[in-house]
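Counting from 1 along the sequence shown, just add 427 to a position and that's the residue number in the working numbering.
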Amino acid sequence: MTVDQNPIASAGDHLEVTDALYRFGAGVDHNDVGLLSSAFSEDAVADFGPCGRKMGLEFPLLTGGETIIHFLSTNAGTQTTTHVITNARVHVDEDVATLRALVDATHLPSSDHSRQCQMMNWYKVELIREGRLWRIRRLIIDNAWFTGDPQVLLGK
């Protein structure tokens, strides 16, 4: 992955765009469907494939905000998770933005915290402005490294 050295968004735009990813992470970590819903556009697409393949897992391409939210909230209900978001780079072109961030995600089965999967992932995000909120329209997650048992991600 190369680092984009073009000028980044203004501080206000940076915070507002990055907030969509914060809503995603907090929505998963707290299994808060309202937060998750606020993070995704209706026509959103989420691709966990690049990350999963590096861990020997297959994830389907998720199309539509409702499909993504259902997948995430169903999965979150069986796990204890934390998502720490950092190194955000934001570029805004009117009502479309791109965001690159590094996310440390840890997943543990809710019933057995002796097992875990910790991942350091690169997030590539395209967002659109809808009213006062930025929403994720396309999310691609790629893995930098992981440790632990990837089967935890599948609820096993």
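The C-beta atom is built at its ideal place from N, Cα and C for all residues, glycine as well.
- Inter-residue distance for L499 and W561 is about 19 Å (C-alpha atoms, whole angstroms).
- Checking the DSSP bridge columns, you'll see K583 has no partner listed.
- Taking each of A532, R564 and A571 in turn and checking the Cα distance to I496, the smallest one comes out for R564.
- Cβ contact annotation for G476 (same chain, cutoff 6 Å, sequence separation greater than five): F486, in chain order.
- In this structure, the alpha-carbon of E557 lies about 17 Å from that of H518.
- Taking all protein chains in view, the Cβ of V511 is surrounded by fewer than 16 other Cβ atoms within 10 Å, so the residue is classified as exposed.
- Annotation for P536: the continuous beta strand (DSSP E) segment containing it runs V523 to P536.
- Look at the stretch 464 to 530 and you find these whole runs of alpha helix (DSSP H), each 4 residues long or longer: 476 to 481 and 492 to 503.
- Here L442 is exposed. Its C-beta has fewer than 16 other C-beta atoms within 10 Å.
- Here S465 is actually not in contact with T507; their C-beta atoms are around 22 Å apart, not less than 8 Å.
- Bridge pairing for Q545: T533 and T574 [DSSP].
- Taking the Cα positions, R450 is about 18 Å away from D474.
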